[in-house]
Amino acid sequence: RGGGGDGGGGGCCWWAGCDPAYSADVTILRALLRSPHRVTNPADADYFYVPLLLSLGMRTHRYGIYMPSSHAARLVSAALEYVRGVWPFWNASGGRDHIFTFTGDNGAVWMRARLPLLTEAVFITHWGDRCLPPNDCVRLAGWRAHWHKHDIVVPPLWRPRLLSASPWLSHEGTRAVLRAEKTFAYLLYFVGKVHRSAREGDSYSYGVRQRLFALHANRSDFYLRARANAVEAEATAAEAKFCLAPHGTGFGMRQYDAIALGCVPLIIRIPRAEDVQFGGFIEQPFEEVLDWREFALFVNRSELPSLPSILASVSVQTHARMRRAIACVWPRLFWLHAFGAHADAHLDAPLTNCDARCRAQLAALGPSDAFGTLMMLLRNRLPRNGSRAAAAAPVTAAGTAVGAAVGAAGGVETFAGADASWMTNAASCVQALRAGESDKS
Numbered sequence: 001r002g003g004g005g006d007g008g009g010g011g012c013c014w015w016a017g018c019d020p021a022y023s024a025d026v027t028i029l030r031a032l033l034r035s036p037h038r039v040t041n042p043a044d045a046d047y048f049y050v051p052l053l054l055s056l057g058m059r060t061h062r063y064g065i066y067m068p069s070s071h072a073a074r075l076v077s078a079a080l081e082y083v084r085g086v087w088p089f090w091n092a093s094g095g096r097d098h099i100f101t102f103t104g105d106n107g108a109v110w111m112r113a114r115l116p117l118l119t120e121a122v123f124i125t126h127w128g129d130r131c132l133p134p135n136d137c138v139r140l141a142g143w144r145a146h147w148h149k150h151d152i153v154v155p156p157l158w159r160p161r162l163l164s165a166s167p168w169l170s171h172e173g174t175r176a177v178l179r180a181e182k183t184f185a186y187l188l189y190f191v192g193k194v195h196r197s198a199r200e201g202d203s204y205s206y207g208v209r210q211r212l213f214a215l216h217a218n219r220s221d222f223y224l225r226a227r228a229n230a231v232e233a234e235a236t237a238a239e240a241k242f243c244l245a246p247h248g249t250g251f252g253m254r255q256y257d258a259i260a261l262g263c264v265p266l267i268i269r270i271p272r273a274e275d276v277q278f279g280g281f282i283e284q285p286f287e288e289v290l291d292w293r294e295f296a297l298f299v300n301r302s303e304l305p306s307l308p309s310i311l312a313s314v315s316v317q318t319h320a321r322m323r324r325a326i327a328c329v330w331p332r333l334f335w336l337h338a339f340g341a342h343a344d345a346h347l348d349a350p351l352t353n354c355d356a357r358c359r360a361q362l363a364a365l366g367p368s369d370a371f372g373t374l375m376m377l378l379r380n381r382l383p384r385n386g387s388r389a390a391a392a393a394p395v396t397a398a399g400t401a402v403g404a405a406v407g408a409a410g411g412v413e414t415f416a417g418a419d420a421s422w423m424t425n426a427a428s429c430v431q432a433l434r435a436g437e438s439d440k441s
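Heads up, the sequence shown is in the UniProt record's numbering, so the first residue is 1 and it goes up one at a time.
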């Protein structure tokens, strides 16, 4: 810990005490070190995690917050040479079973172009701006670094102050969100930057925020603010039918804000045909095993002029179903173990307004959090990767999120008296947590 040069100030490590969003690389390593998935004999391993921990030096060592810098590339290159020189496993697989984590705004952008040896390695990032094979994966190999069903998009760490304010951590809050007759003061909620400078054009948020404010800033049924009081903003989000979840320079946090506060995320997509420069496909976290269409609304950027009618047309029944899906899926998009039973007082910012029952909930939900979902996703890939372990123990429905959800929820009667507030009835959980265990292509 330290102040001044580390960018944190006030004696706090710049991400641990102030903004943990970039610290997933450290969080994953800490979870792996105490995980039953870890093996001590490398010959038994299906994957190898290379702990670069670039987030620790994003400012102090200029490793880059937006994208990996030349300093970071040199560190990665040195680590790669060590792994290749000391162990036989990289050369045996060409690196396709080795995992690297890049938590900057633009993920692993340019890393494969800078270090071609990383071509087959698996990247964990927060930014799923993906290339579309075959041509774009060559033409955009540097900028659009994400490879679908090869790399993995995971959530960033959420701010602990807001986590303890989530309605999902109490029965009363959960019932309020899931109330069938719930009404909303606003169709849409968004608070945040519109743009950083006029010169950026569409590069910031790919023009989504700018267009939204230009079209609808004066609507009384849209709560749109460039700045607002934080407490007021959280309360208002809970009163909105949808919450806009745009990205910024790279990955965004708004979809997690929305989900944690019980609001259905609105995600704007830009088809390549509509915008050659910025159009494409931005993959959401864990899309390989979580069907985001069950709990988020997707609208094309070209439809923004018609957005009020689009949002108003979503039926009460459909919206209630999406809220039920959020109630089921939300733990899988947060690193709950980092704030529950395994929190480290020296590394993790303390939760506020989280009593003993709240902490017990976090600990109980730990196996179903983002780390558990990452392990599930990797486990689901094993048959496709020709794993020895997969051949001995093929994936079954009980081993997927679907099986876990059905087993935990058990039905409406079980939910009514459950201790874990996120549990909804089994049918909703099946829809929200479809793992696609039959789809290994």
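In this text, a Cβ means the ideal position worked out from N, Cα and C, and glycines have one as well.
These numbers come from a predicted model, not from an experiment.
In the DSSP assignment, find the unbroken alpha helix (DSSP H) run with residue 308 in it and report its ends. For the purposes of this step, residue 308 is identified with residue 308 of the sequence shown, where counting begins at 1. Segment 307 to 312, the alpha helix (DSSP H) holding residue 308.
Would you mind working out which of 380, 315, 355, 330 sits nearest residue 366, comparing C-alpha positions? On the sequence shown, residue 366 is found 366 positions in, with the first residue counted as 1. Considering only alpha carbons, the answer is 330.
Would residue 22 pass as a contact of residue 99 if the rule is Cβ separation under 8 Å? Taking the sequence shown and counting its residues from 1, the one referred to as residue 22 is at position 22. Taking the sequence shown and counting its residues from 1, the one referred to as residue 99 is at position 99. With respect to residue 99, residue 22 sits apart: the two C-beta atoms are not nearer than 8 Å.
Within the region 188 to 244, ranges of the alpha helix (DSSP H) (whole runs, at least 4 residues): Taking only runs of at least 4 residues, the alpha helix (DSSP H) segments lying wholly in the region 188 to 244 are 208 to 216, 230 to 237.
From the DSSP secondary-structure annotation, give me the bridge partner or partners of residue 101. Within the sequence shown, the letter at position 101 stands for residue 101. DSSP, once it has assigned bridges, lists 124 as partnering residue 101.
What is the DSSP secondary structure of residue 269, reduced to helix, strand or coil? If you number the sequence shown from 1, residue 269 lands on position 269. Correct three-state label for residue 269: strand.
Could you check the C-alpha separation between residue 47 and residue 90 for me, to the nearest Å? The residue you call residue 47 lines up with position 47 of the sequence shown. The residue you call residue 90 lines up with position 90 of the sequence shown. Residue 47 and residue 90: Cα-Cα distance of roughly 10 Å.
So does the region 101 to 120 actually touch the region 71 to 83, counting three or more Cβ pairs closer than 8 Å? These segments touch.
Do three or more CB pairs link the region 284 to 292 to the region 372 to 385 at distances below 8 Å? Result yes; three or more Cβ-Cβ pairs closer than 8 Å.
Taking the straight line between their C-alpha atoms, what separation do you get for residue 236 and residue 20? In the sequence shown, residue 236 corresponds to position 236, counting from 1. In the sequence shown, residue 20 corresponds to position 20, counting from 1. One Cα belongs to residue 236, the other to residue 20, and the distance between them is close to 24 Å.
Could you have a look at residue 401 and say whether DSSP puts it in helix, strand or coil? As a first step, residue 401 must be located in the sequence shown, where it is residue number 401. In this prediction, residue 401 has a pLDDT of 39, which is less than 50 and means its spatial position is unreliable; what the coordinates show is noted afterwards. DSSP places residue 401 in helix when its eight states are reduced to three.
Counting only the same chain and skipping the five closest in sequence on each side, list residues whose C-beta sits under 6 Å from that of residue 209. Here residue 209 refers to the residue found at position 209 of the sequence shown. Cβ within range, chain order: 194, 246.
For residue 146, list the residues DSSP reports as bridge partners. By 1-based counting over the sequence shown, the position of residue 146 is 146. Note: residue 146 sits in a beta bridge opposite 130.
Taking the straight line between their C-alpha atoms, what separation do you get for residue 121 and residue 280? By one-based count along the sequence shown, residue 121 stands at place 121. By one-based count along the sequence shown, residue 280 stands at place 280. Their Cα atoms are separated by approximately 23 Å.
Can you tell me where the alpha helix (DSSP H) holding residue 184 begins and where it ends? Residue 184 sits at position 184 when you count from the first residue of the sequence shown. Where residue 184 is concerned, there is no enclosing alpha helix (DSSP H), given that its DSSP letter is neither H nor E.
Is DSSP giving residue 65 helix, strand or coil here? Here residue 65 refers to the residue found at position 65 when the sequence shown is read from its first residue. In the structure shown, residue 65 sits in coil (DSSP, three-state: anything other than H, G, I, E or B).
Note the first and the last residue of the continuous beta strand (DSSP E) segment covering residue 300. Locating residue 300 in the sequence shown gives position 300, counting from the first residue. Here the beta strand (DSSP E) through residue 300 covers 297 to 300.
Between 189, 360, 165, 335, which lies nearest to residue 31 when the distance is taken from Cα to Cα? Here residue 31 refers to the residue found at position 31 of the sequence shown. Selected option, being the one with the closest Cα: 335.
Spatially closest choice to residue 505 from 379, 377, 381, 337, by CA coordinates: Absent from the model: residue 505. The displayed extent of the chain is 1 to 441, so no value can be given.
Pairwise C-alpha distance: residue 129 and residue 106: Residue numbering aside, residue 106 sits at position 106 when the sequence shown is read from its first letter. Residue numbering aside, residue 129 sits at position 129 when the sequence shown is read from its first letter. Cα to Cα, the separation comes out at about 8 Å.
Backbone CA spacing between residue 353 and residue 273 [nearest angstrom]: As a first step, residue 353 must be located in the sequence shown, where it is residue number 353. As a first step, residue 273 must be located in the sequence shown, where it is residue number 273. The alpha-carbon of residue 353 is positioned some 48 Å away from that of residue 273.
Give the single residue among 158, 71, 149, 38 whose Cα lies nearest to the Cα of residue 24. Working through the sequence shown from its first residue, we reach residue 24 at position 24. Closest by C-alpha distance to residue 24, out of 158, 71, 149, 38, is 158.
The region 161 to 170 in contact with the region 308 to 318 per 3-pair CB rule at 8 Å: Between the region 161 to 170 and the region 308 to 318, the count of C-beta pairs closer than 8 Å stays below three; the two stretches do not touch.
Drop a sphere of 10 angstroms on the beta-carbon of residue 69, count the other beta-carbons inside from all chains shown, and report buried for 16 or more, exposed for fewer. By one-based count along the sequence shown, residue 69 stands at place 69. Buried.
Whole-angstrom Cβ separation of residue 243 and residue 224, contact assumed at under 8 Å? Here residue 243 is taken as the residue at index 243 of the sequence shown, counted from 1. Here residue 224 is taken as the residue at index 224 of the sequence shown, counted from 1. Between residue 224 and residue 243 the Cβ distance is about 11 Å, and since that is not below 8 Å, they are no contact.
Limits of the beta strand (DSSP E) - the one that residue 81 falls within: Locating residue 81 in the sequence shown gives position 81, where the first residue counts as 1. Per DSSP, residue 81 lies in no beta strand (DSSP E) segment; the continuous alpha helix (DSSP H) that holds it begins and ends at 70 to 86.
How big is the Cα-Cα spacing for residue 38 and residue 154? Taking the first residue of the sequence shown as 1, we reach residue 38 at position 38. Taking the first residue of the sequence shown as 1, we reach residue 154 at position 154. Approximately 19 Å between the Cα atoms of the pair.
By DSSP, does residue 153 sit in helix, in strand, or in coil? Numbered from 1 along the sequence shown, position 153 holds the residue referred to as residue 153. In this structure, residue 153 counts as strand in the three-state DSSP scheme.
Which of helix, strand or coil DSSP assigns to residue 264: Along the sequence shown, read from residue 1 onward, the residue named residue 264 stands at position 264. In the structure shown, residue 264 sits in a strand (DSSP, three-state: E or B).
Does the separation of the CB atoms of residue 304 and residue 215 fall below 8 Å? As a working note, residue 304 is residue 304 in the sequence shown. As a working note, residue 215 is residue 215 in the sequence shown. It is a contact, given that the beta carbons lie within the stated cut-off.
Return the CA-CA distance between residue 310 and residue 300, expressed in angstroms with no decimal places. By 1-based counting over the sequence shown, the position of residue 310 is 310. By 1-based counting over the sequence shown, the position of residue 300 is 300. Between residue 310 and residue 300, the C-alpha separation is close to 11 Å.
So, using beta-carbon positions, are residue 127 and residue 148 closer together than 8 Å? Residue numbering aside, residue 127 sits at position 127 when the sequence shown is read from its first letter. Residue numbering aside, residue 148 sits at position 148 when the sequence shown is read from its first letter. Residue 148 is positioned such that its CB atom lies no closer than 8 Å to that of residue 127.
Compare the beta carbon distance of residue 234 and residue 185 with 8 Å and say whether it is the shorter of the two. Your numbering for residue 234 matches position 234 in the sequence shown. Your numbering for residue 185 matches position 185 in the sequence shown. Cβ distance not < 8 Å, so residue 234 and residue 185 don't count as in contact.
Suppose the cutoff is 8 Å on Cβ atoms and the five residues either side in sequence are ignored; what does the same chain contact list for residue 269 look like? Here residue 269 refers to the residue found at position 269 when the sequence shown is read from its first residue. Within the same chain, and ignoring the five residues on either side of residue 269 in sequence, the residues whose Cβ sits closer than 8 Å to its Cβ are 281, 282, 298, 299, 300, 301.
Buried versus exposed, by CB contacts within 10 Å (16 or more), residue 444: No information on residue 444 is available, as it lies outside the stretch 1 to 441 that the chain covers here.
Following the continuous beta strand (DSSP E) through residue 281, name the residue where it begins and the one where it ends. As a working note, residue 281 is residue 281 in the sequence shown. In the DSSP assignment, residue 281 falls within the beta strand (DSSP E) that extends over 281 to 283.
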